[in-house]
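**Student:**
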Ligand SMILES: Cc1cc2nc3c(=O)[nH]c(=O)nc-3n(C[C@H](O)[C@H](O)[C@H](O)COP(=O)(O)OP(=O)(O)OC[C@H]3O[C@@H](n4cnc5c(N)ncnc54)[C@H](O)[C@@H]3O)c2cc1C
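Have a look at this one:
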């Protein structure tokens, strides 16, 4: 067997494990989801072996994030994968990888540091109310704090996501547990873009499957809806979106495997593409459900809420501005 | 403002009427009602009822209906004026718009004199809220495929069937019900409209949860419900033509304030962004100029459809299929805007001012709610079909060898 084929089989095995793990998480409280996912070896994909991890590349995390997206996993999975890796050399790494501590990241805002303590308001921290550990940005990188440390106050969430509701967190002279330097924090943010692209891709795939099933079984005007060309084209566009995202993710994997510097850029464009095409596909899948799509019971709105949240957490709008700026700079 | 101002002075029309509406609204809008203000608290059903009843007394509802039925006997021009002024304020959506804008006009068109006197005053006084029972589990876009059956039983009708997506059904006292009196093969023929009482034995309402979290629409089960003959609207085979009129109203004139409310939303978005340094820099930078400007244009196009409708209707013309042009445009334009508002406000930094957070919450809800706008009142795909088939008059593909 060639190295690439082994690699592919390895990734496919992760995909299958992840699908099953995500499905069995559904009925469990968040903490038990951590143990389930850890038990299935999914939380340490990116973490070093010394922390109980597998020390694999991002492309192994991609199918896991796709499964998390498709299965609406209510767990800060991207955050856990990234923090397990970033803090692998500290005692927090193994605790995160083993699912003993739930960790999340405040993706928006940053705190100020004064006499070694941090203060300020941060936001977009998924499931902060369930977490033990929280990473917050500082002027010089990021720090890990305990959620129940003195000076940490959670605000009620007002975001769209129902699976992993986002919180704002106010920190008042909180003592950090560990730090991450600017370069490593920047890498973590870049890696997060790719994981989010995979998650949105998983959601888009799932919504396409739901829409396809709906219009294939429902009849109006004495015909199955899927026989109407307008709907076939809408489904074809949804498929196109899913393929765009898949192709961009694979391109990133290939570039990363060959150590190409362009991999970073490819992660950004994969995420940008996922937010643009993936969200349009989910909205279209909702439309194809008719009135049914507007109900709480059909999961499409949950995917839409999540994807819109992933769009905000990765600051897709700001990323597009930076991509344009890079283009201008290159031609200055 | 003295007590007399609560009522519509007789003989007002045109700009005088507008001045009255403005003054009335300035004096009467209850605290916390406006969704673009810092003190906003979504009012409950009772508060909405009381408010809408007051609006009617003040001459802001039932504007064109004859005075004999509780209306104000003015013209559609005043109706448009009231809608413009109401739309400018972020007031709660009417809880009886199906009554005031669909059931009422239909009753006026095909109801008997006795029915007009019986249904219309309680509707305007908000003692009777109406819902619209058209769609069924197997009859959505294909409305003519509906199966709810009404059979004559001596002097009454007996109705059996099931309706779905019935907005406001949990709060309604009456349902504008479309049911079949002939065989299902008859499709458009043999349909009749009824004013069904929602408290009649055999009517069961099961609220459905919407994706925006509200339980506003519902499933309505109709088991052997007796409807008195005098609650049948029009002739037993007049249902389809009446339903088509309802749909034309729904697409073209229902919620005539839409463009002005949309404008209020746009202004609210911009004001909220200006309150926050990060967002202010974003909208000043030019990045969003094009999309904001396109929203301004989109709103003017809605106005360009609505305003002439008034003159055409007053000249006795019907709107017909042209309602599809406007419906398609506003629903898509509003979705584009909702996505823009979401994109902008979600860039607000953590710890943003309460007004900014409140706007964020408003536009998150709007984004979700707007997803329904390309579904109800005829989906986008159906509107495109109507424009192609009936407005453009595209030839139908003929089977080869056919005649
Ligand atoms: C928020 C909300 C409120 C509503 N309130 C009411 C109410 O108060 N009273 C009431 O009676 N109804 C109400 N409706 C129902 C609404 O009118 C129907 O949902 C709508 O007509 C679509 O029907 P459907 O849901 O059965 O979807 P379907 O007709 O099953 O459509 C599913 C998909 O197939 C597409 N499709 C269907 N036919 C064709 C075709 N020929 N060509 C191409 N594409 C096609 C549709 O565009 C849609 O994308 C409401 C709906 C919503 C979402």
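Protein chains in written order, with the numbering used here: chain A, 10 to 341; chain B, 817 to 1219.
Just so you know, even glycine gets a beta-carbon here, dropped at the ideal spot from N, CA and C.
In the DSSP output, which residue or residues are listed as bridge partners for residue 150(A)?
**Tutor:** 147(A), 190(A).
**Student:** Take residue 154(A) as the anchor and find which of 128(A), 45(A), 164(A), 133(A) has the nearest alpha-carbon.
**Tutor:** Of the candidates 128(A), 45(A), 164(A), 133(A), the one whose C-alpha sits nearest the C-alpha of residue 154(A) is 128(A).
**Student:** Quick one: grab the DSSP three-state call for residue 879(B).
**Tutor:** If DSSP states are grouped into helix, strand and coil, residue 879(B) belongs with coil.
**Student:** Please tell me whether residue 1142(B) and residue 1118(B) are closer than 8 Å, where the distance is taken between their beta carbons.
**Tutor:** Their beta carbons are under 8 Å apart, which means residue 1142(B) touches residue 1118(B) by this criterion.
**Student:** Tell me whether residue 1140(B) is buried or exposed, calling it buried when 16 or more other Cβ atoms sit within 10 Å of its Cβ.
**Tutor:** Looking at its Cβ environment, which holds 16 or more other Cβ atoms inside 10 Å, residue 1140(B) is buried.
**Student:** Between the Cα of residue 122(A) and the Cα atoms of 33(A), 57(A), 181(A), 285(A), which residue gives the shortest distance?
**Tutor:** Among 33(A), 57(A), 181(A), 285(A), the Cα nearest to that of residue 122(A) is on 181(A).
**Student:** Between residue 291(A) and chain B, is there a C-beta pair that is closer than 8 Å?
**Tutor:** So no, residue 291(A) is outside the interface.
**Student:** Is it buried or exposed for residue 823(B), if we count other Cβ within 10 angstroms and need 16 for buried?
**Tutor:** Burial call: exposed.
**Student:** Hey, does residue 106(A) have any beta-carbon neighbour from chain B nearer than 8 Å?
**Tutor:** No, residue 106(A) lies away from the interface with chain B (no Cβ there is under 8 Å from its Cβ).
**Student:** Does the distance from the CB of residue 906(B) to the CB of residue 851(B) come in under 8 Å?
**Tutor:** Closer than 8 Å, so yes.
**Student:** Within the 8 Å Cβ cut-off, does residue 1158(B) reach chain A?
**Tutor:** Interface residue, yes.
**Student:** By the DSSP assignment, the alpha helix (DSSP H) with residue 1113(B) in it spans what residues?
**Tutor:** Counting along the chain, the alpha helix (DSSP H) containing residue 1113(B) begins and ends at 1105-1130.
**Student:** So is residue 145(A) buried or exposed if we call it buried at 16+ other beta carbons inside 10 Å?
**Tutor:** Answer is buried; the Cβ neighbour count reaches 16.
**Student:** Does the beta-carbon of residue 306(A) have 16 or more other beta-carbons within 10 angstroms, so that it is buried, or is it exposed?
**Tutor:** Exposed.
**Student:** Say the cut is 7 Å; is the CB of residue 1151(B) nearer than that to a heavy atom of ligand 1?
**Tutor:** The answer is no for residue 1151(B).
**Student:** Under the DSSP definition of a beta bridge, which residues are partnered with residue 1033(B)?
**Tutor:** DSSP, once it has assigned bridges, lists 983(B) as partnering residue 1033(B).
**Student:** Per the DSSP calculation, residue 785(B) is bridged to which residue(s)?
**Tutor:** An answer regarding residue 785(B) cannot be provided, because it is not within the stretch 817 to 1219 covered by chain B.
**Student:** Please state if the CB of residue 204(A) and the CB of residue 90(A) are separated by a distance shorter than 8 Å.
**Tutor:** A contact, by the Cβ cut-off of 8 Å.
**Student:** If you run the structure through DSSP and keep just helix, strand and coil, what is residue 323(A)?
**Tutor:** Of the three classes helix, strand and coil, the one that applies to residue 323(A) here is coil, per DSSP.
**Student:** Going by DSSP, name the residue or residues bridged to residue 947(B).
**Tutor:** Paired residue(s): 991(B).
**Student:** Can you give me, in chain order, the residues of the region 212-240 of chain A that have a beta carbon less than 9 Å from any beta carbon in chain B?
**Tutor:** The residues in question are 227, 228, 229, 230, 231, 234, 237, 239, 240.
**Student:** Just how far apart, CA to CA, sit residue 1028(B) and residue 1151(B)?
**Tutor:** Distance between the alpha carbons of residue 1028(B) and residue 1151(B): 15 Å.
**Student:** Look at residue 917(B) and residue 1070(B) and say whether their C-beta atoms are less than 8 Å apart.
**Tutor:** Yes.
**Student:** Does the beta carbon of residue 332(A) sit closer than 8 Å to a beta carbon anywhere in chain B?
**Tutor:** Not closer than 8 Å to any Cβ of chain B, the Cβ of residue 332(A) fails to qualify, so no.
**Student:** Which first and last residues belong to the alpha helix (DSSP H) in which residue 840(B) is found?
**Tutor:** Per DSSP, residue 840(B) belongs to the alpha helix (DSSP H) from 830-844.
**Student:** CB of residue 1101(B) to nearest heavy atom of ligand 1: below 7 Å?
**Tutor:** Not under cutoff, so the answer is no.
**Student:** Residues of chain C with a CB under 7 Å from the CB of residue 303(A): which are they?
**Tutor:** Checking the listed chains, one finds no chain C in this structure; the protein chains it contains are A and B.
**Student:** With 9 Å as the C-beta to C-beta threshold (strictly closer), list the residues of the region 306-317 of chain A near chain B in chain order.
**Tutor:** Under the 9 Å Cβ criterion, the region 306-317 of chain A contributes 306, 307, 309, 310, 311, 313, 314, 317.
**Student:** Hey, does residue 958(B) have any beta-carbon neighbour from chain A nearer than 8 Å?
**Tutor:** Chain A contact via Cβ: present.
**Student:** What are the start and end residues of the beta strand (DSSP E) that includes residue 168(A)?
**Tutor:** Note, residue 168(A): premise wrong, no beta strand (DSSP E); not H, not E.
**Student:** Quick one: does the C-beta of residue 305(A) sit closer than 7 Å to a heavy atom of ligand 1?
**Tutor:** Checking every heavy atom of ligand 1 against the Cβ of residue 305(A), none is found closer than 7 Å.
**Student:** From the DSSP output, in three-state form, read off residue 394(A) for me.
**Tutor:** No statement about residue 394(A) is possible, as the shown extent of chain A runs from 10 to 341 and does not include it.
**Student:** Which stretch, first to last residue, makes up the beta strand (DSSP E) that contains residue 969(B)?
**Tutor:** Note, residue 969(B): beta strand (DSSP E), 965-969.
**Student:** Step through the CB atoms of chain A and report whether any lies within less than 8 Å of the CB of residue 1162(B).
**Tutor:** It does; some Cβ of chain A falls within 8 Å.
**Student:** Are any of the Cβ atoms in chain B nearer than 8 Å to that of residue 131(A)?
**Tutor:** At least one chain B Cβ lies under 8 Å of residue 131(A).
**Student:** Does residue 321(A) have its Cβ less than 8 Å from a Cβ in chain B?
**Tutor:** Cβ-Cβ to chain B under 8 Å: yes for residue 321(A).
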